[in-house]
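> Those protein sequence lines, which keep their order, are chains A and B.
For the first sequence, the working numbering assigns the number 1 to the initial residue and increments by one for each residue that follows.
For the second sequence, the working numbering assigns the number 1 to the initial residue and increments by one for each residue that follows.
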Amino acid sequence: NAGVTQTPKFQVLKTGQSMTLQCAQDMNHNSMYWYRQDPGMGLRLIYYSASEGTTDKGEVPNGYNVSRLNKREFSLRLESAAPSQTSVYFCASSDGTGGIEAFFGQGTRLTVV
Amino acid sequence: QQQVKQSPQSLIVQKGGIPIINCAYENTAFDYFPWYQQFPGKGPALLIAIRPDVSEKKEGRFTISFNKSAKQFSLHIMDSQPGDSATYFCAASSFSPLVFGKGTRLSVIA
């Protein structure tokens, strides 16, 4: 059972470079999320997609864009990476938005130099 | 504005002790309060959750206590083991994505 799969697991970028983090879930969930985790800051929501075809900003959306490609896939794009975007990024999915268990991927550790 | 405040940031207990992690929330619309457990290099995973219609929920060695009037909830780990060493996050939501506390790093020493 794969659950939520994120690629890549590790990435080093130079300031100004762009990249896309990929996420796919095989649980037929409607909702998908991108969080970032920084030391002492917990998990902060970047963007989410309540259902296929919709996306909404979370707490820290600046510098990011997202695409809900289909029901399974939700990608996060950094157009011009900055050192402040060095973080561990987690994708998650759930059957609905709010009030229900969210399943997390293994994370992508991104370093921007 | 931090909607869920978690304390302490870190906690060290001896094996068999009962660590307690506390969270406080501000939004009275929240109606789902889960705790997630995260091991190094892994994503968070749901440990136990409670809804505000009950004041306590137990699953194995893990217990959530919930105080609706105080807008607080806590996680107790009975007979803690070294394998419980992890980071614990409280969270809250209503018809919205989970809002997480900042996390507590728990170390259980033998």
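The beta-carbon is built from N, C-alpha and C at its ideal position, and this holds for glycine as well.
Fully enclosed by the stretch 50 to 75 of chain A, which beta strand (DSSP E) runs are 3 residues long or longer?
Within the stretch 50 to 75 of chain A, the complete beta strand (DSSP E) runs of at least 3 residues are 64 to 68.
> Just to confirm my understanding: we take Y33 of chain A, look at its own chain, exclude 5 residues before and 5 after, and list those with CB closer than 6 Å. What are they?
Y48 and A92
> Using a C-beta to C-beta distance shorter than 9 Å, which residues of chain B count as neighbours of E101 of chain A?
Among the residues of chain B, those whose CB is under 9 Å from the CB of E101 of chain A are P34, L46 and A49, following chain order.
> Got a sec: is the Cβ-Cβ distance from Q25 of chain A to anything in chain B below 9 Å?
no
> In this structure, does DSSP put P83 of chain A in helix, strand or coil?
In the structure shown, P83 of chain A sits in a helix (DSSP, three-state: H, G or I).
> Of all the CB atoms in chain A, is at least one closer than 9 Å to the CB of G103 of chain B?
yes
> If you check the beta carbons only, do D38 of chain A and V113 of chain A fall under 9 Å apart?
Cβ distance not < 9 Å, so D38 of chain A and V113 of chain A don't count as in contact.
> Give the secondary structure of D38 of chain A by DSSP, where H, G and I count as helix, E and B as strand, and everything else as coil.
strand
> Alpha carbon to alpha carbon, how far is F39 of chain B from P8 of chain A?
19 Å
> Can you tell me where the beta strand (DSSP E) holding Q9 of chain B begins and where it ends?
Element bounds for Q9 of chain B: n/a, residue is neither H nor E.
> Using the beta-carbon count (16 or more within 10 Å), is Q85 of chain A buried or exposed?
buried
> Quick check on the burial criterion: 16 or more other C-beta atoms within 10 angstroms. Buried or exposed for G87 of chain B?
Contrary to the premise, residue 87 of chain B reads as Thr rather than Gly in this sequence. Here T87 of chain B is buried: its Cβ has 16 or more other Cβ atoms, across all protein chains shown, within 10 Å.
> So which of B:S96, B:G43, B:D53 and B:P34 has the shortest CA-CA distance to F62 of chain B?
B:P34
> Helix, strand or coil: which one does DSSP assign to P52 of chain B?
coil
> Hey, how far is the Cα of A81 of chain A from the Cα of Y64 of chain A?
Using only the alpha carbons, I get a separation of about 9 Å.
> What residues in its chain sit with their C-beta under 6 Å from that of P19 of chain B, if we drop five residues either side in the sequence?
L11, V13, I77, S80 and L106
> Determine which residues of the stretch 73 to 90 of chain B have a Cβ less than 9 Å from any Cβ of chain A, and write them out in chain order.
When CB distances to chain A are screened at a threshold of 9 Å, the residues of the stretch 73 to 90 of chain B falling below it are F89, in chain order.
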